[in-house]
Structures are given as C-alpha cells and as structure tokens.
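First up is the structure itself, then whatever we jot down about it.
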Amino acid sequence: MDVRNSLALQAYAQSRLAAQPQPQAAEGAGAAFAQAVESFQNTLSQSEAQARAAMTSGADPHALVTALAQTELAVETAVTVRDRVVEAYQEILRMPV
Numbered sequence: 009m010d011v012r013n014s015l016a017l018q019a020y021a022q023s024r025l026a027a028q029p030q031p032q033a034a035e036g037a038g039a040a041f042a043q044a045v046e047s048f049q050n051t052l053s054q055s056e057a058q059a060r061a062a063m064t065s066g067a068d069p070h071a072l073v074t075a076l077a078q079t080e081l082a083v084e085t086a087v088t089v090r091d092r093v094v095e096a097y098q099e100i101l102r103m104p105v
C-alpha cells in the first residue's frame with residue numbers, strides 16, 4: 009500500500025468522525041431551551057449569593073460588581089429572546105389562512 013493512500017485513508021477516517029452528528033444536536037430545541045433556562049437561574053442565584061455576602065460579611069466588592077454585570081447581561085439576553093419570540097408569534101398570526 010502506498011504511503012499517500014494510507015494518509016488519505018487516515019484523513020478520511022478522521023473526517024468521518026468529525027462529521028458524525030453530536031448527541032446533543034439530536035435532543036432538539038427543547039433541551040437547548042431547558043439548558044439555557046437552567047444557566048439563567050444559576051447566574052441569578054450566584055449573583056444573589058454574592059450580593060447577600062457583600063451585605064452581610066463585607067465580601068469582595070469586585071466579585072459583586074462582576075456578578076451584577078453577569079446578571080445584567082443574562083436578563084438583557086432573556087428579554088431579547090422574549091421579544092423575538094413574541095415578534096415571531098405576531099408574524100405567524102398575521103399569516104393568511
């Protein structure tokens with residue numbers, strides 16, 4: 009067997025592995041949405057814990073500001089997603105039957 013054929017066979021085998029569908033992609037949009045909601049909840053609870061620690065025990069103010077910025081970004085993202093969903097729903101309602 010020629011070395012070039014062997015290298016081509018190895019490259020083909022690697023590309024087949026890379027092109028196989030991932031298990032997460034097969035779960036669908038529901039699983040992705042559930043994961044996003046769980047991440048949002050975790051961000052909010054971590055921020056609340058940081059704020060509580062800053063008020064009661066004088067924790068690091070830099071950590072508090074970072075947590076609040078992450079929470080602000082998470083809330084802005086959730087509001088944007090909600091607006092897009094409402095917009096899509098309204099567009100569906102405008103479709104002729």
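Following the working numbering, the numbering of the sequence shown begins with 9 at its first residue and continues without gaps. Beta carbons are placed, not taken as given, at the ideal position from N, Cα and C, and that holds for glycine. Just so it is clear, the structure is predicted and the values come from calculations on it, not from any experiment.
*In chain order, what residues of the same chain have a beta carbon less than 7 Å from the beta carbon of Arg-92, not counting five sequence neighbours either side?*
none
*Between Ala-82 and Phe-48, is the Cβ-Cβ spacing less than 7 Å?*
Judged by beta-carbon spacing, Phe-48 lies within the 7 Å limit of Ala-82, meaning their Cβ atoms are closer than that value.
*Would Gln-58 pass as a contact of Ala-71 if the rule is Cβ separation under 7 Å?*
yes
*Alpha carbon of Val-89 to alpha carbon of Thr-64, nearest angstrom*: Cα to Cα, the separation comes out at about 34 Å.
*Whole-angstrom distance between Val-105 and Arg-60, CA atom to CA atom*: 53 Å
*Kindly indicate which three-state DSSP category Pro-104 falls into: helix, strand or coil?*
coil
*Check whether Thr-79 and Thr-51 have beta carbons under 7 Å apart*: yes
*Endpoints, alpha helix (DSSP H) assigned at Gly-38*: 37-65
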